[in-house]
């Protein structure tokens with residue numbers, strides 16, 4: 110039986126693309142985010158939230174991740190720009206009481222890795238996109254962001270859609286084949302319209318507003334020997350002059 114998926118993915122993703130690329134595109138409901146996170150290594154606020162931000166040197170299991178986005182790597186990060194100490198951070202925020210929420214990831218110069226996220230439907234807590242922006246901004250200038258990587262995607266709507274895209278190209282995930290989807294293709298917009306794509310699109314719009322930065326392409330990158338995982342890399346570029354409307 111042919112795989113089916115919600116048909117609104119592509120039009121919703123196309124709207125997100127237009128909002129990112131054009132400051133004058135009407136109808137964008139995503140406001141600039143002002144969320145900040147306390148600059149503490151570890152803090153518990155009102156026994157409800159646990160926040161953690163730990164600097165660290167790159168370990169061996171980071172080598173392939175670092176290479177995938179051009180980060181310097183030498184076991185203990187001997188790159189000149191890192192000589193004053195680690196420039197990489199393990200970041201997490203977990204809510205224990207009331208509605209559950211968690212954001213777990215890593216940040217480095219120019220990149221956000223999003224490893225695990227959860228927010229109850231209908232929650233009034235900040236969105237996952239806002240946490241990503243706030244964690245990156247703790248240590249890096251937003252203008253420096255080039256990549257957002259969402260690792261080991263298991264989200265129940267996004268993963269089946271990625272399966273569909275691979276099958277439509279006659280590709281097999283188990284063969285470690287990478288795929289790249291360029292804006293403004295239908296496949297690109299379809300991914301952008303999935304829950305994971307919408308989260309990253311909201312991150313860009315919430316961080317910069319309309320017409321400043323855009324997602325230029327989405328790539329499924331292969332890391333290590335895990336042939337079954339989807340790791341989506343969203344490439345961020347300036348939006349000026351890139352309106353495909």
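Residue numbers (the working numbering): 110 to 354. Every residue, glycine too, gets a C-beta built ideally from N, C-alpha and C. All values derive from a computational prediction rather than experimental measurement.
### Continuous beta strand (DSSP E) assignments of at least 3 residues falling wholly in the segment 207-287
Runs of the beta strand (DSSP E) inside the segment 207-287: 210-217, 220-228, 256-259.
### Query
beta strand (DSSP E) containing residue 322: first to last residue?
From DSSP, the beta strand (DSSP E) with residue 322 extends over 322-329.
#### Entry: Residues near residue 137 by beta carbon distance below 7 Å, same chain, minus five either side
Around residue 137: 128, 314, 319.
#### Entry: DSSP three-state assignment for residue 432, whether helix, strand or coil
Nothing can be reported for residue 432: it is not among the residues displayed for the chain, which extend from 110 to 354.
### Message
Mapping the DSSP letters down to three states, classify residue 342 as helix, strand or coil.
### Response
DSSP places residue 342 in strand when its eight states are reduced to three.
### Message
One question on the structure: do residue 247 and residue 308 come within less than 8 Å of each other, judged by their Cβ atoms?
### Response
No.
### Message
With the cut-off set at 8 Å, would you say residue 254 and residue 345 are in Cβ contact?
### Response
Inclusion of residue 254 and residue 345 in the CB contact set at 8 Å is warranted, their separation being smaller than that value.
### Task
Would you kindly work out how many angstroms separate the C-alpha atoms of residue 310 and residue 332, rounded to a whole number?
Pairing residue 310 with residue 332, the inter-Cα distance amounts to about 24 Å.
### Task
Closer than 8 Å by C-beta to residue 258: which residues in its own chain qualify, once you throw out the five before and the five after it? Chain order, please.
The residues 174, 177, 178, 220, 221, 222, 223, 330, 340, 341, 342, 343, in chain order, have a CB closer than 8 Å to that of residue 258 in the same chain once the five nearest residues on each side in sequence are set aside.
### Query
Are there 16 or more other CB atoms within 10 angstroms of the CB of residue 209, so buried, or fewer, so exposed?
Burial call: exposed.
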